[in-house]
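Visitor:
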Amino acid sequence: MPKPKPFPHGVAIVGVGISKFGAFPEKTSRDLFVEAFKELRHSVDKGFDPADIEALYLGNYSSDLFEGQGHTAPIMADAVGLVPVPAMRLEDACASGGVALRQGAMAIASGMHDVVLVGGAERMTRLPTAQVTDTLGSAADTLYEIPAGFTFPGFYAAIATAYMHAYGMTPEQLMNVAIKNHENGALNPKAQFGVTIPDWMQGRIAAAIKKGKPAPTWRDQWDFLHDDAANPMVAWPLRLFDCSPVTDGAACVLLVAANRAREFTDDPIYIIGAGQASDAPLHDRADLTTLSAARKASQMAYEQSGVRASDIRIAEVHDCFTIAEIVACEDLGFFEPGTGYKAAEDGVTARDGARPINTSGGLKAKGHPVGASGVAQAVEIFKQMRGEAGARQVKGDIPLAVTHNVGATGSTCVVHVYERR
Amino acid sequence: MSDNTIRPFTAASFNRYLAEHKLMASRCPACDAVYLPPRAICPRCHGEALEWIELAGRGRLAAFTSVLVGPSAMITEGYDRNNPYVAGIVELDEGVKISARILGVDARRPDVAWIGTPLTVTYLDRGEGDTKSAVLAFSAD
Chain C
1368 MPKPKPFPHG
1378 VAIVGVGISK
1388 FGAFPEKTSR
1398 DLFVEAFKEL
1408 RHSVDKGFDP
1418 ADIEALYLGN
1428 YSSDLFEGQG
1438 HTAPIMADAV
1448 GLVPVPAMRL
1458 EDACASGGVA
1468 LRQGAMAIAS
1478 GMHDVVLVGG
1488 AERMTRLPTA
1498 QVTDTLGSAA
1508 DTLYEIPAGF
1518 TFPGFYAAIA
1528 TAYMHAYGMT
1538 PEQLMNVAIK
1548 NHENGALNPK
1558 AQFGVTIPDW
1568 MQGRIAAAIK
1578 KGKPAPTWRD
1588 QWDFLHDDAA
1598 NPMVAWPLRL
1608 FDCSPVTDGA
1618 ACVLLVAANR
1628 AREFTDDPIY
1638 IIGAGQASDA
1648 PLHDRADLTT
1658 LSAARKASQM
1668 AYEQSGVRAS
1678 DIRIAEVHDC
1688 FTIAEIVACE
1698 DLGFFEPGTG
1708 YKAAEDGVTA
1718 RDGARPINTS
1728 GGLKAKGHPV
1738 GASGVAQAVE
1748 IFKQMRGEAG
1758 ARQVKGDIPL
1768 AVTHNVGATG
1778 STCVVHVYER
1788 R
Chain P
361 MSDNTIRPFT
371 AASFNRYLAE
381 HKLMASRCPA
391 CDAVYLPPRA
401 ICPRCHGEAL
411 EWIELAGRGR
421 LAAFTSVLVG
431 PSAMITEGYD
441 RNNPYVAGIV
451 ELDEGVKISA
461 RILGVDARRP
471 DVAWIGTPLT
481 VTYLDRGEGD
491 TKSAVLAFSA
501 D
């Protein structure tokens, strides 16, 4: 790939908004996007006029299949009063939001626009599970991968087996990621599953007692996570709590030209690198224990911004499955190949660890409305860097941070580097 | 289509070969590289003069999963939590890899030690006559 060029014009985030994540039978993706946009309006310190927004870049995977609604971008633009500005929908599976963010950033970096709205939205819970599985499955190679019986949990399970075989990790060690992300999610009021695993267990016990059924007697959260009834296997070695949930949600960020950022806030967060790479289907890759496109995208983003992996203080990474977070941390250069699972076990990636990962709760606990996730990651980074993350705030300054967003099994990867000056 | 016509490098051709119980890849003579699934354009030299080659159908298991919650198509075939199946990635002796159903192992007792298991191609026939097709599978020896 050619060497990445620095942005010709600087890009800053000056406001963010995020809907509640969860299952909302009476909310369309449009309603969720409006909810996120209203929050964004109040987040801009010095205020702004929506009439100044010059374009909308929207990440959405499949409103067509999930909601029976195609051509979503102008509908979203209209819902928040932006027509007639250009509205574009970006679709790269679960990386749609991150790709929309990169396109929005490039629109400002090129000098064409000064104020751009980047959004992401997905409504997934309307469909029954089997249809959700099929809809997500269409992000893989439907000609050559799906006929083998692969599902998305299945693909990441296969990555997990290759990783276990190469590095000696056990399925139990994956659970550290789920435990940590639920601990973080419990402190995020927008999270779909904003509870720790022990809280979840207490809820299950209370529900059983209420129904007059025998209360489960788990010794601790590890006992719970090994219980086939409470935490059933989905695709060996991945169980239910290794998987991110099916989620409705939306998020948005307001990007402006860096030289105008102070008109909006005295504390803008700058996007200084935006890398993206593509890859072949999983079976066509030399190494099944890494996402090569994530390595290339992060290398591109680091080179563009002139930073190294060791400079990065926190990251939101694409933990669609527990194994994905471990691989992500290695692909971003935080840990050597084959050591990411030990970092999770040793608490290095915990909120009070040396390299906090997914302080929002990640896709695992916060929820994964696929087209919104890449944008929601930027929302969390903006809050953390400005010290506005409330109970889950990381201690100390955060001068540099990263988001890592993946489509399918890494056929698309997009990585952004953020700076607070 | 007669046998001496070169079939186009498409999924339809690949699937027709599967129905004939042949595992066919494409080869770029310029790069001496083999591609499975078959490609119409060589990603190394971007040459278009590819040719079909039949693979020996022997390889090893590179990665796998035992699926308990499958897609609609597998549910229709009778697979579920009580009747799981194995999907995997097979590395063939020719050096290429492909996704396939994995047979001859106990889907209820998955073990990471299966990785490296020698496998031989087999075909799961579906339909009859003009609608005859086959799903690519590999079986443990």
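Order-wise, the sequence lines are chains C and P.
Residue numbers for the first sequence follow the numbering used here, beginning at 1368 and rising by one.
Residue numbers for the second sequence follow the numbering used here, beginning at 361 and rising by one.
C-beta atoms are modelled at their ideal positions from N, C-alpha and C, and glycine is treated no differently.
Let me check understanding here. Comparing Cα to Cα, which of C:Phe-1374, C:Ile-1693, C:Asn-1427 and C:Leu-1699 lies closest to Thr-1706 (chain C)?
Guide: In the first sequence, the residue the question calls residue 1706 (chain C) occupies position 339. Selected option, being the one with the closest Cα: C:Ile-1693.
Visitor: Going along the chain, which residues of the region 1583 to 1615 of chain C sit with their C-beta nearer than 8 Å to a C-beta in chain P?
Guide: Listed in sequence order: Pro-1599, Met-1600, Val-1601, Ala-1602, Trp-1603, Pro-1604 and Leu-1605.
Visitor: Label Pro-1520 (chain C) either buried or exposed according to how many other C-beta atoms from any shown protein chain fall within 10 Å of its C-beta, with 16 as the threshold for buried.
Guide: Within the first sequence, the letter at position 153 stands for residue 1520 (chain C). The residue in question, Pro-1520 (chain C), is buried, as its Cβ has 16 or more Cβ neighbours within 10 Å.
Visitor: Compare the C-beta of Lys-457 (chain P) against all C-beta atoms of chain C and say whether one is closer than 8 Å.
Guide: In the second sequence, the residue the question calls residue 457 (chain P) occupies position 97. So, interface residue.
Visitor: Where does Gly-1464 (chain C) fall in DSSP's three states?
Guide: Here residue 1464 (chain C) refers to the residue found at position 97 of the first sequence. Three-state result, Gly-1464 (chain C): helix.
Visitor: Can the beta-carbon of Ala-1474 (chain C) be found less than 8 Å from the beta-carbon of Val-1483 (chain C)?
Guide: As a first step, residue 1474 (chain C) is located in the first sequence; it is residue number 107 there, counting from the start. As a first step, residue 1483 (chain C) is located in the first sequence; it is residue number 116 there, counting from the start. Cβ distance < 8 Å, so Ala-1474 (chain C) and Val-1483 (chain C) count as in contact.
Visitor: Between the Cα of Phe-1374 (chain C) and the Cα atoms of C:Ile-1576, C:Val-1737, C:Tyr-1669 and C:Tyr-1708, which residue gives the shortest distance?
Guide: As a first step, residue 1374 (chain C) must be located in the first sequence, where it is residue number 7. Minimum Cα distance to Phe-1374 (chain C) is reached at C:Tyr-1669.
Visitor: Beta-carbon of Glu-1393 (chain C) versus every beta-carbon of chain P: anything under 8 Å?
Guide: Here residue 1393 (chain C) refers to the residue found at position 26 when the first sequence is read from its first residue. No, its Cβ sits nowhere closer than 8 Å to a Cβ of chain P.
Visitor: If I'm right that Glu-1421 (chain C) touches Asp-1501 (chain C) with Cβ under 8 Å, what's the distance once you round it to whole angstroms?
Guide: As a first step, residue 1421 (chain C) is located in the first sequence; it is residue number 54 there, counting from the start. As a first step, residue 1501 (chain C) is located in the first sequence; it is residue number 134 there, counting from the start. Contact flag wrong, Cβ pair sits at about 38 Å.
Visitor: Could you name the residues of the region 1650 to 1675 of chain C whose beta carbon sits closer than 7 Å to any beta carbon of chain P, in the order they occur along the chain?
Guide: Listed by position along the chain: His-1650, Asp-1651 and Leu-1655.
Visitor: For Met-1368 (chain C), count the other beta carbons within 10 Å of its own beta carbon; 16 or more makes it buried, fewer makes it exposed. Which is it?
Guide: Here residue 1368 (chain C) corresponds to residue number 1 of the first sequence, with the count starting at 1. Looking at its Cβ environment, which holds fewer than 16 other Cβ atoms inside 10 Å, Met-1368 (chain C) is exposed.
Visitor: Just to make sure I have the definition right: I need the residues of chain C whose C-beta is within less than 8 Å of the C-beta of Ser-386 (chain P). Which are they?
Guide: Mapped onto the second sequence, residue 386 (chain P) falls at position 26. Those do not exist, as Ser-386 (chain P) stays about 13 Å from chain C at its closest Cβ, beyond 8 Å.
Visitor: Output the distance between the C-alpha atoms of Val-1769 (chain C) and Lys-492 (chain P), rounded to the nearest integer angstrom.
Guide: Locating residue 1769 (chain C) in the first sequence gives position 402, where the first residue counts as 1. Locating residue 492 (chain P) in the second sequence gives position 132, where the first residue counts as 1. Distance between the alpha carbons of Val-1769 (chain C) and Lys-492 (chain P): 50 Å.
Visitor: Considering only residues of the same chain and omitting the five flanking positions on each side of Ala-1506 (chain C), which have a CB-CB separation below 6 Å?
Guide: What you label residue 1506 (chain C) is simply residue 139 of the first sequence in a count that begins at 1. Excluding residues within five positions, the ones whose Cβ falls inside 6 Å are Ala-1460 and Ala-1775.
Visitor: I want to see whether chain C comes within less than 8 Å of Ala-447 (chain P), judged by CB atoms only; does it?
Guide: In the second sequence, residue 447 (chain P) corresponds to position 87, counting from 1. Yes, contact with chain C.
Visitor: For Val-427 (chain P) and Ala-1602 (chain C), I'd like the C-alpha separation in whole angstroms.
Guide: For the purposes of this step, residue 427 (chain P) is identified with residue 67 of the second sequence, where counting begins at 1. For the purposes of this step, residue 1602 (chain C) is identified with residue 235 of the first sequence, where counting begins at 1. Between Val-427 (chain P) and Ala-1602 (chain C), the C-alpha separation is close to 4 Å.
Visitor: So, at 7 Å on beta carbons, what are the nonlocal neighbours of Met-361 (chain P) in its own chain, with the 5 sequence-adjacent residues on each side left out?
Guide: Looking up residue 361 (chain P) in the second sequence gives position 1. Per-residue confidence for Met-361 (chain P) stands at a pLDDT of 45, beneath the threshold of 50, marking its modelled position as unreliable; the derived number appears in the next sentence. Arg-367.
Visitor: Indicate whether Leu-1622 (chain C) and Ile-1380 (chain C) have their beta-carbon atoms separated by less than 8 Å.
Guide: For this step, residue 1622 (chain C) is matched to residue 255 along the first sequence. For this step, residue 1380 (chain C) is matched to residue 13 along the first sequence. Going by C-beta atoms, Leu-1622 (chain C) is nearer than 8 Å to Ile-1380 (chain C).
Visitor: Name the two residues that bound the continuous alpha helix (DSSP H) containing Asn-1836 (chain C).
Guide: Chain C is shown from 1368 up to 1788; residue 1836 (chain C) falls before or after that span and cannot be answered.
Visitor: Just the Cα atoms here: how many angstroms apart are Phe-1433 (chain C) and Lys-1394 (chain C)?
Guide: Taking the first sequence and counting its residues from 1, the one referred to as residue 1433 (chain C) is at position 66. Taking the first sequence and counting its residues from 1, the one referred to as residue 1394 (chain C) is at position 27. Computed Cα separation, rounded: 13 Å.
Visitor: How would you write the range of the alpha helix (DSSP H) that Ile-1576 (chain C) sits in, first residue to last?
Guide: Translated into the one-based positions of the first sequence, residue 1576 (chain C) becomes position 209. 1564 to 1577 is the span of the alpha helix (DSSP H), which, as asked, contains Ile-1576 (chain C).
Visitor: Around the C-beta of Val-1447 (chain C), are 16 or more other C-beta atoms found within 10 angstroms, so that it is buried, or is it exposed?
Guide: The count along the first sequence starts at 1 and reaches residue 1447 (chain C) at position 80. Buried, because 16 or more other Cβ atoms sit within 10 Å of the Cβ of Val-1447 (chain C).
Visitor: Take His-1438 (chain C) as the anchor and find which of C:Arg-1397, C:Ala-1476 and C:Gly-1471 has the nearest alpha-carbon.
Guide: Taking the first residue of the first sequence as position 1, residue 1438 (chain C) is located at position 71. The candidate whose alpha carbon is nearest that of His-1438 (chain C) is C:Arg-1397.
Visitor: For Gly-1757 (chain C), does the three-state DSSP call read helix, strand or coil?
Guide: The sequence position of residue 1757 (chain C) within the first sequence is 390, counting from 1. Note: Gly-1757 (chain C) maps to helix in three-state DSSP.
Visitor: Any residues in the region 1508 to 1520 of chain C with a beta carbon nearer than 9 Å to a beta carbon of chain P? Which ones, in chain order?
Guide: Within the region 1508 to 1520 of chain C, the residues whose Cβ lies closer than 9 Å to some Cβ of chain P are Asp-1508, Leu-1510, Tyr-1511, Glu-1512, Ile-1513, Pro-1514, Ala-1515, Gly-1516, Phe-1517, Thr-1518 and Pro-1520, listed in chain order.
Visitor: Quick one, are the C-beta atoms of Glu-1630 (chain C) and Glu-1683 (chain C) less than 8 Å apart?
Guide: Taking the first residue of the first sequence as 1, we reach residue 1630 (chain C) at position 263. Taking the first residue of the first sequence as 1, we reach residue 1683 (chain C) at position 316. For Glu-1630 (chain C) and Glu-1683 (chain C), no; Cβs fall outside 8 Å.
Visitor: Do you know offhand how far Ala-1660 (chain C)'s Cα is from Val-1562 (chain C)'s?
Guide: Your numbering for residue 1660 (chain C) matches position 293 in the first sequence. Your numbering for residue 1562 (chain C) matches position 195 in the first sequence. For Ala-1660 (chain C) and Val-1562 (chain C), the distance between alpha carbons rounds to 33 Å.
Visitor: In whole angstroms, what separates the C-alpha of Phe-1522 (chain C) from that of Ile-1639 (chain C)?
Guide: Working through the first sequence from its first residue, we reach residue 1522 (chain C) at position 155. Working through the first sequence from its first residue, we reach residue 1639 (chain C) at position 272. Rounded to the nearest angstrom, the two C-alpha atoms are 32 Å apart.
Visitor: Report the neighbours of Leu-428 (chain P) on chain C: residues whose CB is nearer than 8 Å to its CB, in chain order.
Guide: Walking along the second sequence from the start, residue 428 (chain P) turns up at place 68. Result: Pro-1599, Met-1600, Val-1601, Ala-1602 and Trp-1603.
Visitor: Could you give the DSSP three-state label for Ser-362 (chain P): helix, strand or coil?
Guide: As a first step, residue 362 (chain P) is located in the second sequence; it is residue number 2 there, counting from the start. Because the pLDDT at Ser-362 (chain P) is just 47, under 50, the model does not fix this residue reliably, and the value given afterwards should be weighed accordingly. Ser-362 (chain P): coil per DSSP, three-state reduction.
Visitor: Note the first and the last residue of the continuous beta strand (DSSP E) segment covering Arg-1629 (chain C).
Guide: Walking along the first sequence from the start, residue 1629 (chain C) turns up at place 262. Run containing Arg-1629 (chain C): none; DSSP gives neither H nor E here.
Visitor: At the 8 Å Cβ level, is Met-361 (chain P) part of the contact set with chain C, yes or no?
Guide: Position 1 of the second sequence, counting from 1, holds the residue named residue 361 (chain P). Bear in mind that a pLDDT of 45 at Met-361 (chain P), under 50, signals an unreliable position, so the number given afterwards is only what the model happens to contain. No, Met-361 (chain P) does not count as interfacial toward chain C.
Visitor: Assuming Gln-1540 (chain C) and Glu-1712 (chain C) form a contact by the criterion Cβ under 8 Å, report the distance between their Cβ atoms to the nearest whole angstrom.
Guide: Here residue 1540 (chain C) corresponds to residue number 173 of the first sequence, with the count starting at 1. Here residue 1712 (chain C) corresponds to residue number 345 of the first sequence, with the count starting at 1. At roughly 6 Å, the Cβ-Cβ gap stays under 8 Å, so Gln-1540 (chain C) and Glu-1712 (chain C) are in contact.
Visitor: Using the Cα positions of Thr-1509 (chain C) and Ala-494 (chain P), report the straight-line distance between them to the nearest angstrom.
Guide: As a working note, residue 1509 (chain C) is residue 142 in the first sequence. As a working note, residue 494 (chain P) is residue 134 in the second sequence. Those two C-alpha atoms are separated by around 15 Å.
Visitor: Taking all protein chains shown into account, decide if Ser-386 (chain P) is buried (16 or more other Cβ within 10 angstroms of its Cβ) or exposed.
Guide: As a first step, residue 386 (chain P) must be located in the second sequence, where it is residue number 26. Buried, by the Cβ-count rule.
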